[in-house]
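Q: Here this note's numbering is used: the first residue of the sequence shown is 7, the next is one more, and so on. Where is the CB? At the ideal position from N, CA and C, for every residue including glycine. Below you'll find the structure I mean.
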Amino acid sequence: MTVNRYAALVGELEAKAGGDAPVLADVRSALRHCGSVRSYFVRPQTLFDSDSVYESFTCYVVAGSALIVVLSDVSYEFSPEGEVLTTVQVVPLRAVRDFQLLRRRALPDGGGEGDLSALSMRLRWGGAWAADTLPAGCDDPACAADHGTVSRISGDDLEILLEPALDAETLARGTVFVEELQAILAEAVLG
Numbered sequence: 007m008t009v010n011r012y013a014a015l016v017g018e019l020e021a022k023a024g025g026d027a028p029v030l031a032d033v034r035s036a037l038r039h040c041g042s043v044r045s046y047f048v049r050p051q052t053l054f055d056s057d058s059v060y061e062s063f064t065c066y067v068v069a070g071s072a073l074i075v076v077l078s079d080v081s082y083e084f085s086p087e088g089e090v091l092t093t094v095q096v097v098p099l100r101a102v103r104d105f106q107l108l109r110r111r112a113l114p115d116g117g118g119e120g121d122l123s124a125l126s127m128r129l130r131w132g133g134a135w136a137a138d139t140l141p142a143g144c145d146d147p148a149c150a151a152d153h154g155t156v157s158r159i160s161g162d163d164l165e166i167l168l169e170p171a172l173d174a175e176t177l178a179r180g181t182v183f184v185e186e187l188q189a190i191l192a193e194a195v196l197g
């Protein structure tokens, strides 16, 4: 039996964003038809612009059989007074083609041997691609010939990056979410 964590998600957002924050209405709207919340992670970020400081929230939610990513951010692009922009992306779990999980751990000489220092999870479903084009070359350091370019294309749908720069509570909550998401996706992939 899966516990519905919707009330906990809304409570955490209210505590972090404020009870009347626009992101709450956007999250409620995004989750209206998606079933019960199985797992979630709220990642607040303070962003610094050349003349502004503002809060951004990313909510990663597994609800029913979908992964929902809600990004709420302040923008000054269309209005000098600023406005809140919220993007909602809903991806059926069955559409996730693959995922990779990278754990970085401390070495013995650095203290805290084996402690988790960072965690990164990448998911790919074929919605976005990143292309890197670099100058090509050869192994001869004295070669002056033009070898053209080399391009690499890789899936670039979603990355959840948890680093030590985050406060301890956010890092811990993010780690729990990534581990729960890994289990949910492994179950969906392996059937």
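#1: Is there a C-beta anywhere in chain C that falls below 9 angstroms from the one on Ala-69?
#2: Give every residue of the same chain whose Cβ lies closer than 8 angstroms to the Cβ of Arg-179, excluding the five residues on either side of it in the sequence, and list them in chain order.
#3: If you draw a straight line from the C-alpha of Ile-74 to the C-alpha of Thr-155, how long is it?
#4: Using a Cβ distance threshold of 8 angstroms, determine whether the stretch 85 to 94 contacts the stretch 105 to 112, with at least three qualifying pairs required.
#5: Can you give, in chain order, each stretch of the beta strand (DSSP E) that sits fully within the stretch 84 to 156 and has at least 3 residues?
#6: Taking only three categories from DSSP, how would you classify Leu-172?
#7: When the Cα of Arg-34 is compared with those of Gly-24, Ala-13, Arg-44, Pro-50, which residue comes out closest?
#8: Please report the residue range of the alpha helix (DSSP H) in which Ala-21 lies.
#9: With distances taken between CB atoms, is the gap from Trp-131 to Val-96 smaller than 9 angstroms?
#10: How long is the line joining the alpha carbons of Cys-65 and Thr-139, rounded to whole angstroms?
#11: Give the range of the alpha helix (DSSP H) segment to which Ala-3 is assigned.
#12: Buried or exposed: where does Ser-81 fall if 16 or more other Cβ atoms within 10 Å of its Cβ makes it buried?
#13: Identify whether Thr-181 lies in helix, strand or coil by the three-state DSSP scheme.
#14: Check whether the Cβ atoms of Glu-165 and Ser-126 lie closer than 9 angstroms to each other.
A: Taking the structure as given:
#1: Structure shown: chain C not included; a single protein chain is present.
#2: Phe-47, Val-48
#3: 37 angstroms
#4: The answer is no - the stretch 105 to 112 does not touch the stretch 85 to 94, with fewer than three Cβ pairs under 8 angstroms.
#5: 89 to 98, 104 to 111, 122 to 130, 135 to 141
#6: coil
#7: Ala-13
#8: 12 to 23
#9: no
#10: One C-alpha to the other measures close to 32 angstroms.
#11: The requested residue 3 does not occur in the structure, where the chain is confined to residues 7 to 197.
#12: exposed
#13: helix
#14: Judged by their CB atoms, Glu-165 and Ser-126 are nearer to each other than the 9 angstroms cut-off.
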